[in-house]
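Q:
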Amino acid sequence: MHEQTDSLSGGDEEPLTFRQPAVEDGAAMWALAKATGGLDMNSPYAYLMVGAYMGKTSIVAEDGDHLAGFISGFAAPEKPDTLFVWQVGVAPDQRGRKIATRMLLALLRRPEMSGIRFVETTVTPSNAASLALFNGLARHMGGQCDTIGQFGRTLFPGDGHEEELVLRIGPFGAAGHQGVST
Ligand SMILES: CC(C)(COP(=O)(O)OP(=O)(O)OC[C@H]1O[C@@H](n2cnc3c(N)ncnc32)[C@H](O)[C@@H]1OP(=O)(O)O)[C@@H](O)C(=O)NCCC(=O)NCCS
Numbered sequence: 182m183h184e185q186t187d188s189l190s191g192g193d194e195e196p197l198t199f200r201q202p203a204v205e206d207g208a209a210m211w212a213l214a215k216a217t218g219g220l221d222m223n224s225p226y227a228y229l230m231v232g233a234y235m236g237k238t239s240i241v242a243e244d245g246d247h248l249a250g251f252i253s254g255f256a257a258p259e260k261p262d263t264l265f266v267w268q269v270g271v272a273p274d275q276r277g278r279k280i281a282t283r284m285l286l287a288l289l290r291r292p293e294m295s296g297i298r299f300v301e302t303t304v305t306p307s308n309a310a311s312l313a314l315f316n317g318l319a320r321h322m323g324g325q326c327d328t329i330g331q332f333g334r335t336l337f338p339g340d341g342h343e344e345e346l347v348l349r350i351g352p353f354g355a356a357g358h359q360g361v362s363t
């Protein structure tokens with residue numbers, strides 16, 4: 182299994198392990214997504230599919246035996262230079278350790294990500310932590326964090342969903358990929 186060491190741990194006494202998720206991580210990712218309180222909940226099946234079919238473009242962070250965070254993502258065939266970050270979740274008691282930032286950087290540092298020049302994602306305008314996370318990614322990787330569109334409220338059923346701004350971070354370029362600052 183793909184394991185990566187943690188390189189943005191700073192003074193963090195408990196090093197995290199970052200690795201590719203497998204189908205067996207699906208239930209724990211679902212439980213963590215639920216525990217965050219801030220994510221749209223997908224079915225348990227969807228999180229199994231993240232492990233089974235999106236492992237190479239997704240990552241989990243473990244603190245000992247516990248799942249501390251996960252990122253689900255994929256690269257659409259029509260945009261092979263772009264990693265779409267679907268969900269980022271960090272356990273409430275693990276926040277403030279830069280785990281989300283460290284997961285993003287560890288994911289983008291994988292050799293198979295060398296062709297990735299952009300990250301795209303969506304964030305709701307009220308999610309300050311998420312906006313800070315992706316602006317921070319531009320600082321670490323180079324490039325800009327631009328809003329390139331949105332999924333408006335009317336696309337969602339009912340009237341209870343805020344719009345989702347589409348962000349694009351990059352371009353990272355070869356130098357950016359080599360020069361990730363941690
Ligand atoms: C968003 C989330 C993943 C961030 O996880 P985290 O590990 O605490 O994030 P980091 O420690 O890497 O911090 C990233 C940036 O966000 C900032 N930040 C973190 N929490 C914040 C908050 N509540 N309000 C404002 N900024 C915040 C940090 O200061 C940091 O910015 P900086 O680099 O400019 O200092 C986490 O809060 C979470 O799981 N939230 C619920 C789910 C969610 O909303 N996910 C994102 C949408 S997919």
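Mapping of the sequence shown onto our numbering: residues 182 to 363, in sequence order.
C-beta: ideal position from N, C-alpha, C; glycine also.
Computed from a prediction, not measured in an experiment: that's the story for all the values here.
Give the DSSP-derived three-state secondary structure of GLU293 in the structure shown.
A: GLU293 falls in the helix class under three-state DSSP.
Q: Within a Cβ cutoff of 6 Å, which residues of the same chain sit near GLN359, ignoring the five residues on either side of it in sequence?
A: For GLN359, the predicted model reports a pLDDT of 42, less than 50, meaning its position is unreliable; a value from the coordinates is still stated below. Same-chain partners within the cutoff: there are none.
Q: Using 8 Å for Cβ pairs, my map puts PRO202 next to GLY232. What's the rounded Cβ distance?
A: Sure, about 4 Å apart at Cβ, within 8 Å.
Q: Could you tell me which uninterrupted alpha helix (DSSP H) segments, each at least 4 residues in length, are contained entirely in the region 213-255, listed from first to last along the chain?
A: Qualifying alpha helix (DSSP H) stretches, in chain order: 225-234.
Q: Mapping the DSSP letters down to three states, classify PHE353 as helix, strand or coil.
A: Correct three-state label for PHE353: coil.
Q: Using a Cβ-based criterion (distance less than 7 Å to any ligand heavy atom), does ASN223 qualify as near ligand 1?
A: Outside the cutoff, so no.
Q: Keeping to the same chain, check which residues put their C-beta closer than 8 Å to that of PHE272; ignore five residues upstream and five downstream.
A: Note that residue 272 is Ala in the sequence shown, not Phe. So the qualifying residues of the chain are LEU213, ALA216, THR217, HIS247, LEU248, ALA249, GLY250.
Q: Helix, strand or coil for GLU343, going by three-state DSSP, please let me know.
A: The answer is coil: DSSP assigns GLU343 none of H, G, I, E or B.
Q: On the three-pair Cβ rule with 8 Å, is the region 322-329 touching the region 346-354?
A: The region 322-329 is in contact with the region 346-354.
Q: Contact check, ILE240 vs PHE299 under 8 Å by CB: the rounded distance?
A: Incorrect: roughly 18 Å between the Cβ atoms, too far for contact.
Q: For ligand 1, I want to know if ARG278 counts as a neighbour, meaning its beta carbon is within less than 7 Å of at least one of the ligand's heavy atoms.
A: Yes, ligand 1 has a heavy atom inside 7 Å of this Cβ.
Q: Below 8 Å between beta carbons: does that hold for LEU197 and ASP244?
A: Cβ distance < 8 Å, so LEU197 and ASP244 count as in contact.
Q: Taking 7 Å as the line, does the beta carbon of GLN314 fall inside it for any heavy atom of ligand 1?
A: Per the sequence shown, residue 314 should be read as Leu rather than Gln. Checking the Cβ of LEU314 against ligand 1 gives yes.
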